[in-house]
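A.B. asks: Before we start, here is the structure in question, set down as structure tokens.
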């Protein structure tokens with residue numbers, strides 16, 4: 002009758018943490034749950050995937066990229082001051098760009114084309130794994146419905162992204178001769194955008210999460226967001242690394 | 002640059018189908034995508050799972066069962082007439098019962114206890130796979146946000162459930178000596194409730210889906226719902242059948 006389950010750092014504290022203790026607890030969530038630890042990422046970065054498997058990753062990840070402005074706008078619409086909204090608006094600019102062909106979503110589409118996918122097919126989202134859709138859409142819903150503090154905290158996976166981006170870019174360039182620096186152009190601006198976004202969001206969370214309940218809620222929000230990323234890689238691994246598991250209707254790589 | 006992807010029955014018709022053709026197209030979705038075709042269900046019914054794996058199934062499926070009244074109430078709240086609301090209200094009674102310990106959710110909890118789980122742990126949803134949560138919550142959101150016709154159509158996976166229930170009950174009783182008929186008491190009432198619910202929902206859909214767009218939308222709604230069920234089994238298979246893949250924080254069976 003016992004159920005073992007992994008306890009997560011910072012999960013059961015009843016006292017108020019100092020802002021720095023809270024930051025440490027948030028970083029511990031990443032150390033335990035960020036998707037750089039997922040076996041699919043190891044395979045991706047180590048050059049162990051086929052081109053079709055990398056295509057499946059690029060295709061599914063497009064839905065995540067293309068949904069970021071939806072979650073940011075949902076949050077922005079609930080921010081109470083022009084100052085906060087201006088701060089958050091930069092994220093919309095980063096992802097949607099200033100003219101056609103610019104911004105993170107357009108760059109991700111270039112990445113998808115660079116690994117051999119048809120842009121219109123990628124944009125149609127037709128071949129998505131259902132699990133990708135459910136996980137990403139859960140993130141948008143979270144940012145639409147949860148308290149502002151938690152919605153902001155859920156963005157903090159960016160604290161952990163510079164490391165994974167460097168690993169990914171160098172690993173993919175070294176290991177796949179059909180991947181060029183131009184194809185991976187998405188990632189370079191993220192190395193400066195992400196830390197800037199984190200500076201604001203982390204300071205906001207450290208200032209506004211003052212009760213034990215709020216502090217546990219922001220830790221849970223970050224854990225939720227790690228789950229969103231992890232679930233997508235579980236589905237990619239299950240569907241495209243193990244043979245014979247592609248769900249009905251999802252993208253089938255060319256053999 | 003080609004992307005193969007499975008085309009689904011009834012997907013690209015531009016003319017109005019007769020009600021019977023529409024029903025046939027809906028049944029074809031089930032024949033292609035209902036989760037009785039998933040390898041996890043084969044393992045479950047054939048007795049090929051360990052007790053811990055069956056526990057993981059019961060635990061995760063509890064979130065689905067317990068969320069059914071949420072999706073039904075979300076839909077009910079948008080139905081325009083007392084007649085329609087009374088019809089749909091029966092589903093709330095079926096799942097929530099008439100007093101403590103009755104109804105489908107309580108019976109599922111008995112099933113979970115019967116396979117060795119602690120009821121309070123199951124109810125807490127602490128050990129859920131993130132993918133289970135995302136898939137099930139997507140279903141609730143769908144029924145809250147989509148047109149009534151599509152929300153009703155998404156319930157039509159019940160057309161396919163009597164077969165799977167019979168297979169499941171006989172397979173589990175024959176193959177697991179720690180599973181009793183009492184443990185599986187959840188399923189017996191479903192054999193009469195599901196066809197009754199289908200009679201109403203299918204008649205409603207056949208009557209109200211009159212344009213090609215509406216007909217394609219109800220087929221897509223049923224496909225979406227099949228995806229919700231399929232994604233849950235993908236996650237169970239990936240996490241609990243293949244070794245070493247349990248995501249951080251999820252239920253870990255006793256060895």
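Chains as they are written, first to last, in our numbering: chain A, 2 to 256; chain B, 2 to 256.
Yeah, the Cβ is synthetic: ideal placement off N, Cα and C, and Gly gets one too.
1) Cβ closer than 9 Å: which chain A residues qualify as neighbours of residue 34/B?
2) Does the segment 242–256 of chain A come close enough to the segment 176–184 of chain A to have 3 or more Cβ pairs within less than 8 Å?
3) Taking only beta-carbon positions, decide if residue 239/A is within less than 8 Å of chain B.
4) Going along the chain, which residues of the segment 135–155 of chain B sit with their C-beta nearer than 8 Å to a C-beta in chain A?
5) With residue 105/A as the anchor, note down where its alpha helix (DSSP H) starts and where it stops.
6) Is it the case that the segment 125–135 of chain A contacts the segment 213–222 of chain A, given that we only count it when at least three CB pairs across the two stretches are under 8 Å?
7) I need the boundaries of the alpha helix (DSSP H) containing residue 199/B, first residue and last residue.
8) Measuring only between beta-carbons, confirm whether residue 243/B sits less than 8 Å from chain A.
9) Any C-beta of chain A within less than 7 Å: which residues of the segment 114–137 of chain B qualify?
10) For residue 253/A, which of helix, strand or coil comes out of DSSP?
11) In three-state DSSP terms, what is residue 72/A?
12) In angstroms, rounded to a whole number, what distance separates the CA positions of residue 71/B and residue 22/A?
13) Quick one: which chain B residues come within Cβ less than 8 Å of residue 236/A?
14) What span of residues does the alpha helix (DSSP H) with residue 96/A cover, start to end?
15) Examine the Cβ distances between the segment 158–173 of chain A and the segment 235–247 of chain A and report whether three or more of them are shorter than 8 Å.
16) Note down the Cα distance separating residue 95/A from residue 194/A, rounded to an integer number of angstroms.
17) Shortest alpha-carbon distance to residue 52/A belongs to which of 118/A, 92/A, 32/A?
18) Please report how far the alpha carbon of residue 15/A lies from the alpha carbon of residue 212/A, in whole angstroms.
19) Among the candidates 110/A, 158/A, 81/A, 78/A, whose CA atom is the shortest distance from the CA of residue 258/A?
20) How long is the line joining the alpha carbons of residue 238/B and residue 40/B, rounded to whole angstroms?
21) When the Cα atoms are used, what is the spatial distance from residue 116/B to residue 108/B?
22) Report yes or no: do the segment 96–107 of chain B and the segment 198–210 of chain B share at least 3 C-beta pairs separated by less than 8 Å?
23) According to a CB-to-CB cut-off of less than 7 Å, which residues of the segment 28–58 of chain A neighbour chain B?
24) One question on the structure: do residue 161/B and residue 48/B come within less than 8 Å of each other, judged by their Cβ atoms?
25) Can you check whether the CB of residue 75/B is closer than 8 Å to the CB of residue 141/B?
26) When you compare only the Cα positions, how much space is there between residue 99/B and residue 153/B?
27) Entirely within the segment 152–192 of chain A and at least 4 residues each: give me those alpha helix (DSSP H) ranges in chain order.
28) Go through its chain and collect everything with a Cβ distance to residue 246/A's Cβ below 6 Å, but skip five positions before and after it.
29) By alpha-carbon positions, which one of 20/A, 46/A, 113/A ends up nearest to residue 175/A?
30) Could you give the distance in angstroms between the alpha-carbon of residue 137/A and the alpha-carbon of residue 230/A?
31) Flag this pair as yes or no: are the beta carbons of residue 135/B and residue 68/A separated by less than 8 Å?
32) Buried or exposed: residue 226/B, going by 16 or more other Cβ atoms within 10 Å of its Cβ?
33) Can you give the beta carbon distance from residue 200/A to residue 159/A, rounded, assuming they're within the 8 Å contact cut?
34) Of the residues 86/A, 80/A, 35/A, 26/A, which one's Cα is nearest the Cα of residue 163/A?
35) CB-CB under 8 Å to residue 192/A, same chain, minus the five flanking residues each way: which ones, in chain order?
C.D. replies: According to the data block:
1) What residue 34/B touches in chain A: 248, 249, 250.
2) no
3) yes
4) The residues in question are 135, 136, 138, 139, 142.
5) 105–115
6) no
7) 188–209
8) True, the Cβ-Cβ gap to chain A drops below 8 Å.
9) Those would be 117, 118, 119, 122, 127, 128, 131, 132, 135, 136, in chain order.
10) strand
11) Secondary structure at residue 72/A: helix, using DSSP grouped into helix, strand and coil.
12) If I take the Cα positions, the gap works out to 38 Å.
13) 132, 232, 235, 236, 239
14) 83–97
15) no
16) Distance between the alpha carbons of residue 95/A and residue 194/A: 8 Å.
17) 118/A
18) 9 Å
19) With chain A covering 2 to 256 only, the question about residue 258/A has no answer from this structure.
20) So the alpha carbons of these two residues sit roughly 8 Å apart.
21) 13 Å
22) no
23) 33, 34
24) no
25) Taking 8 Å as the Cβ cut-off, residue 141/B and residue 75/B qualify as a contacting pair.
26) 24 Å
27) Qualifying alpha helix (DSSP H) stretches, in chain order: 162–176.
28) The residues are 239, 240.
29) 46/A
30) 8 Å
31) No. Outside cutoff.
32) buried
33) Contact flag wrong, Cβ pair sits at about 10 Å.
34) Cα-wise, what sits closest to residue 163/A is 35/A.
35) 163, 166, 167
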